[in-house]
Amino acid sequence: MAALFANRNERLATRRLLLVGLGATAAILAAATHGRAEEDPIFRIEFKDGVVTPLRLEVPAKRRFKLELHNLGQTPAEFESRELRKEKVLAPGTSSTLVIRTLDPGEYEFFDDFHLDAPPAVLVAK
Amino acid sequence: MSTQFGNVAFIIWRESVEALLVIGILNAWLASQREIASRGRIFLWAGVATGLLVAVGLGVIFIAFGEAISDEAQQGYQTGAVLVAAALIIQMVFWMRRHGCTLKRELETSLQDAAARSSWWTVFILALVAVAREGSETVVFLFGTLAAIQHASLAGIIVAIIVGFALALATYYVLQLGSRVLSWRVFFGVTEVMLLLLAASLLVTGVENLGALGVLPTLSGRLWDSSAILPDSGPVGGLLAALTGYRARPNLMNVLVYALYWGVIFWTLFWPRPKISMART
């Protein structure tokens, strides 16, 4: 490799990277949007020691909504969905809320990460 | 039961594999640099130890106050962690490449200067972030899985957990072995690409999180759906997604970020540069 020029090139490369990083940050700030304060529909999901209810939940596509998670069981539960990029630990007897900003029409699997032997459930965005 | 056994072992292994890649490669790299190995290793393993402490702390917070932490705060933390990890991994690749090219003569002379010292802190922070991020997830998962099981399957789950950790350790040793068996050039070439892929994956995850937080637009819906051929979840697909940033149903933002990332990496690391010479111009 170009050992002789490594240092100079590295400095150049670092500067380039820095530039790209700064540009990206600026773009993020410019593109930042804020959630509007309209009423979001709320959907309820219950966890009970590995049993998820409902197993199939219809939600609206292309709009903000909330998921209200309740753990009614005696053991902890974790709502997890890779595609929704959400995870939430729920101690027994507690509840929590997730905000989903927008979903394309389609199916999104979610499951209780602490009860992997249970079948996965699905959100259906329409 | 048997699927759960496999799942538990696999998740433990997968949660550790990203951190192990980073630590394993750094350790192998440091071992090859005899003059600086001991000093570097102190920073590396101090980072790992601190990371473990932070992981347990974070894990306990998520378990004890999980439902009370706002969804956005948690996702904000995760986003920050993956993006910092991505940036540090990229920086490490640059650093390793710089010192991989120049020979030990330069390493000896640069040992004391500020740049070298700041590099050690990068090693420390990188190990810390990698271990803390993945470790906290493992702590939460272990706690939840153990708390949730029926008494009958307790032994099975514990064996699964041990198998998962054993697989993780085995992966680490394969990396160390690789660094000894392969030539330095081959080992570095391969692991450099693995690290760059891992950074790409973290970057894609971070940008997706920013999308979920409403900070960045997703720009489009699903551009295509290749999940029938290769899903990005499940044992194989999930691992591929974690290690390369593969998405079966990407949106335009995913694709742009991925393309831009590799464009920049190629430009800064692999673009064949004309040999710069002031005298000749």
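Protein sequence lines, in the order shown, are assigned to chains A and B. So the first sequence is residues 287 to 412, counted in our numbering. So the second sequence is residues 1264 to 1544, counted in our numbering. For glycine and all other residues, C-beta sits at the position ideal for the given N, C-alpha and C.
Item: 8 Å Cβ shell around residue 381 (chain A) - same chain, five flanking residues per side excluded; Value: 354, 355, 356 and 357
Item: Between the CA atoms of residue 1361 (chain B) and residue 290 (chain A) - distance to the nearest angstrom; Value: Annotation note: pLDDT 43 at residue 290 (chain A) (below 50); position unreliable, no value reported.
Item: Own chain partners of residue 1442 (chain B) with C-beta closer than 6 Å, once the 5 adjacent residues on each side are dropped; Value: 1291 and 1450
Item: Under 8 Å from the C-beta of residue 1530 (chain B): neighbouring residues of chain A; Value: 302
Item: Cα-Cα separation, residue 1521 (chain B) to residue 1416 (chain B); Value: 42 Å
Item: Under 8 Å by beta carbon: chain B residues contacting residue 342 (chain A); Value: Correct list: empty, because the minimum Cβ distance to chain B is about 18 Å.
Item: CB contact flag (residue 1472 (chain B), residue 1338 (chain B), <8 Å); Value: yes
Item: 8 Å Cβ cutoff met for residue 1271 (chain B) and residue 1322 (chain B); Value: no
Item: For residue 1457 (chain B) and residue 1480 (chain B), believed in contact at Cβ under 8 Å, the rounded distance; Value: With a Cβ gap of about 31 Å, residue 1480 (chain B) and residue 1457 (chain B) do not count as contacting.
Item: Sheet register partners of residue 1397 (chain B) (DSSP bridge); Value: Beta-bridge pairing links residue 1397 (chain B) to no other residue.
Item: First and last residue of the uninterrupted beta strand (DSSP E) at residue 1314 (chain B); Value: Premise fails: residue 1314 (chain B) lies in the alpha helix (DSSP H), 1300 to 1328, not in any beta strand (DSSP E).
Item: Residue burial classification, residue 1498 (chain B) (beta-carbon count within 10 angstroms, cutoff 16); Value: exposed
Item: Distance between beta carbons of residue 1531 (chain B) and residue 303 (chain A), contact taken as under 8 Å; Value: 6 Å
Item: Segment contact flag, the region 1329 to 1338 of chain B with the region 365 to 382 of chain A, C-beta cutoff 8 Å, min 3 pairs; Value: yes
Item: Stretch-stretch touch, CB-based, cutoff 8 Å, three pairs: the region 1302 to 1313 of chain B with the region 1379 to 1390 of chain B; Value: yes
Item: Backbone secondary structure at residue 357 (chain A) - three-state DSSP; Value: strand
Item: Positions along the region 1480 to 1496 of chain B whose CB lies within less than 7 Å of some CB in chain A; Value: 1480, 1484, 1485 and 1496
Item: Residues that DSSP places opposite residue 363 (chain A) in a beta bridge; Value: A:376
Item: Contact belief for residue 1390 (chain B) with residue 1286 (chain B) at Cβ below 8 Å, rounded distance in angstroms; Value: 6 Å
Item: Beta carbon proximity, residue 1462 (chain B) to chain A, threshold 8 Å; Value: no
Item: Any 3 or more C-beta pairs closer than 8 Å across the region 324 to 334 of chain A and the region 1418 to 1433 of chain B; Value: no
Item: Terminal residues of the alpha helix (DSSP H) in which residue 1449 (chain B) lies; Value: 1447 to 1475
Item: Straight-line Cα distance separating residue 343 (chain A) from residue 1535 (chain B); Value: 53 Å
Item: Residue-level contact to chain A via CB, residue 1329 (chain B), 8 Å cutoff; Value: yes
Item: Buried or exposed by the 16-neighbour rule on C-beta atoms within 10 Å, applied to residue 1533 (chain B); Value: exposed
Item: Chain B residues whose Cβ lies nearer than 8 Å to that of residue 309 (chain A); Value: Neighbours of residue 309 (chain A) on chain B: none; closest Cβ ~10 Å, over 8 Å.
Item: Under 8 Å from the C-beta of residue 1471 (chain B): neighbouring residues of chain A; Value: 371
Item: Reduced DSSP category for residue 344 (chain A) - H, G, I as helix; E, B as strand; rest coil; Value: strand
Item: Endpoints, alpha helix (DSSP H) assigned at residue 1506 (chain B); Value: 1497 to 1507
Item: Integer Cβ distance of residue 397 (chain A) from residue 407 (chain A), believed to fall under 8 Å; Value: 7 Å
Item: Min CB distance residue 1403 (chain B) to chain A below 8 Å; Value: yes
Item: Assigned secondary structure, residue 408 (chain A) (DSSP; H/G/I helix, E/B strand, else coil); Value: strand
Item: Residues bridged to residue 1295 (chain B) (per DSSP); Value: DSSP lists no partner for residue 1295 (chain B).
Item: For residue 387 (chain A), the residue or residues it bridges with in DSSP; Value: Answer is none; residue 387 (chain A) lacks a bridge partner.
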